[in-house]
Amino acid sequence: MVEQKLKATLITGRTIDQGVGKEMGKGSIEYFESSSVCFMDKADMIQLGIKSGSNVQVSSKYGSVIVKAKKTTRGASPGLVFIPCGLWANAICGDETFGMGMPMFKGFTVEVQAAPNEPVLTLNELLKKEYGR
């Protein structure tokens, strides 16, 4: 079986659900469930052979992370993926600022592929993986 990969453009940003989860605490299940997701176009999900709620690996030149895929409710946007702000997005955004003092959080290329056997790491697990503590 040939492994399918989707080249896409990543956008990160705030969501209402992620904001509510943050208010409940970054260690809360609400924050975890609202921040460790990747919103995708339905056609892109079909191309990868995944359904909403499936685990996917999103990779950039800066790193990779496992998140839950969810069908976007914002209308058709093939080739565009959205991850809410948080450690899961930060794991693939990198720290290059290109002289602007702020890392890129929008508009760069990522690859998305199905990862049905890989777990979505909790905040503490991801912190340990990324920073060793």
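Under this note's numbering, think of the first position of the sequence shown as 1, with each following residue one higher. All C-beta atoms, glycine included, are put in the ideal place defined by N, C-alpha and C.
| Query | Result |
| --- | --- |
| Alpha carbon of Ile46 to alpha carbon of Val20, nearest angstrom | 30 Å |
| Sub-8 Å separation of Ile92 and Gly49 beta-carbons | no |
| Sheet register partners of Phe108 (DSSP bridge) | Leu10 |
| Whether Val56 touches Val110 by CB criterion (8 Å) | no |
| Presumed contact (8 Å Cβ cut-off) between Ile66 and Glu33, rounded CB distance | Actually they are not in contact, since the Cβ atoms of Ile66 and Glu33 sit about 14 Å apart, beyond 8 Å. |
| Residues near Met24 in its chain [Cβ-Cβ closer than 7 Å; skip 5 each side] | Glu30 and Tyr31 |
| Beta-carbon contacts of Thr12 that lie in its chain and below 8 Å, excluding the five residues immediately before and after | Phe82, Ile83, Pro84, Cys85, Ala89, Cys93, Phe105 and Lys106 |
| Presumed contact (8 Å Cβ cut-off) between Gly53 and Lys68, rounded CB distance | 6 Å |
| Between the CA atoms of Ser60 and Leu6 - distance to the nearest angstrom | 12 Å |
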